[in-house]
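Here the structure is laid out as structure tokens; the discussion comes afterwards.
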């Protein structure tokens, strides 16, 4: 077998998550066969193939499905891995040349040997077909991201990355799996697909963070110009939630987008493939830069939160002062006549002047409604003179 043609490997990110259970139901309803690789792993994927061009689902149904019981049919991918007699004969498809799709629960799918338009056709025909809610938190059309590399097949060479080109060569040596060339080749493509899908997912988060920073970029200038917090409380809280969601997505999803999954700790060759793609797309550096931008965004949010707290405390102080002032004024008016008689000499008032002022204050006090902390003077005198009434 000689070196094959240059084909495309493309990662599509269309949602924050895929519900693989819902996807399995959609695939069964379409009669499309798939396998879970590696089975039960947190980063597991559904692999579907062969799939070529528009109407791929229709061709699979027409040409491959057992009409009596399509749900239990295995895809050719793992059938070859389990049957060594097919390893050499079907190595072409084993290397993904006839169209292969990997769907990850992280909201991304990766196509091998398909164009971008053919990948979008798969999205329409399968993921978004019927009433299956496969996509969780679908990204906006403007956030739809793809990461593309080329690949060629050369079974005589070593599998490695050359810039923007993946050279699929000899199957890797496996340490913990059955030594099948087809299975080894399958896991190699799974590894490369997983790493590429993470780069695509990170691109979506980077775009969201850039949009967030752009939305708050006016705040420092507004603070400088107007000297006050320019955003309402609800919007500030929403912006804080955006920052928290972004940090959680990039640092905790799947253990972190820049972490190597545990699956590869016992498979050094597969780990080298994963790290090669991550290095080529500078995932670690991008995550570091992402977190630095998040730190800046959090600084802005912390400033806004402090201003909100200060503004709320200031308003509360004013309200308390006003309430106390009103109560003091009411008390002074109600107690005015008595105070005038008591402090007339200290105020330098003649007896006639003091009596006139007391009468005016009493007239005002009589017009006041019974409000405030203290009851009217007469009510208080009656209350304390008669003592509290006992209920029988």
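In UniProt numbering, the protein residues as written are 1 to 392.
By construction, the Cβ of each residue, glycine as well, lies at the ideal position given by its N, Cα and C atoms.
Nothing here was measured: the structure is a model prediction, and the numbers come from that model.
Rounded separation between residue i and residue j - CA only
i	j	result
residue 7	residue 236	47 Å
residue 89	residue 170	Bear in mind that a pLDDT of 42 at residue 89, under 50, signals an unreliable position, so the model cannot answer this.
residue 55	residue 143	Unreliable positioning characterises residue 55 in this predicted model, as indicated by a pLDDT of 49, which lies under 50. A coordinate reading is not provided.
residue 39	residue 99	22 Å
residue 111	residue 102	6 Å
residue 330	residue 216	47 Å
residue 274	residue 27	28 Å
residue 260	residue 172	18 Å
residue 30	residue 200	27 Å
residue 152	residue 276	16 Å
residue 145	residue 182	30 Å
residue 109	residue 197	7 Å
residue 251	residue 296	16 Å
residue 222	residue 342	57 Å
residue 209	residue 242	9 Å
residue 37	residue 190	8 Å
Element boundaries [alpha helix (DSSP H), containing residue i]
i	result
residue 252	233 to 252
residue 14	It is not in any alpha helix (DSSP H) - residue 14 carries neither H nor E in the DSSP assignment.
residue 100	No alpha helix (DSSP H) contains residue 100, which is instead part of the beta strand (DSSP E) from 100 to 104.
residue 194	181 to 216
residue 281	Element bounds for residue 281: n/a, residue is neither H nor E.
residue 119	116 to 122
CB of residue i within 9 Å of CB of residue j, strictly
i	j	result
residue 138	residue 245	no
residue 20	residue 3	no
residue 270	residue 219	no
residue 33	residue 10	no
residue 278	residue 299	no
residue 162	residue 185	no
residue 147	residue 46	no
residue 226	residue 106	no
residue 194	residue 104	yes
residue 313	residue 16	no
The beta strand (DSSP E) enclosing residue i, as first and last residue numbers
i	result
residue 155	145 to 158
residue 45	45 to 48
residue 263	That residue, residue 263, is in no beta strand (DSSP E); it is neither H nor E in DSSP.
residue 37	35 to 37
residue 165	165 to 170
residue 132	First-last for residue 132: undefined, no H or E at that position.
Presumed contact (8 Å Cβ cut-off) between residue i and residue j, rounded CB distance
i	j	result
residue 123	residue 12	7 Å
residue 134	residue 22	5 Å
residue 224	residue 286	Not quite, the Cβ-Cβ distance comes to about 31 Å (not below 8 Å), so this is no contact.
residue 176	residue 266	5 Å
residue 333	residue 357	About 12 Å separates the two Cβ atoms, so there is no contact after all.
Per-residue burial, residue i [other beta carbons within 10 Å of its own, 16 or more giving buried]
i	result
residue 156	exposed
residue 229	buried
residue 239	buried
residue 180	buried
residue 178	exposed
residue 399	Residue 399 cannot be examined here, being either before or after the span of the chain that is shown, 1 to 392.
residue 5	exposed
residue 50	buried
residue 67	With a pLDDT of 38 at residue 67, under the threshold of 50, the predicted position of this residue should be treated as unreliable, though the coordinate-derived value follows. Classification for residue 67: exposed.
Minimum Cβ-Cβ distance from residue i to chain B less than 9 Å
i	result
residue 226	Although the question refers to chain B, the structure presented lacks it and comprises just one protein chain.
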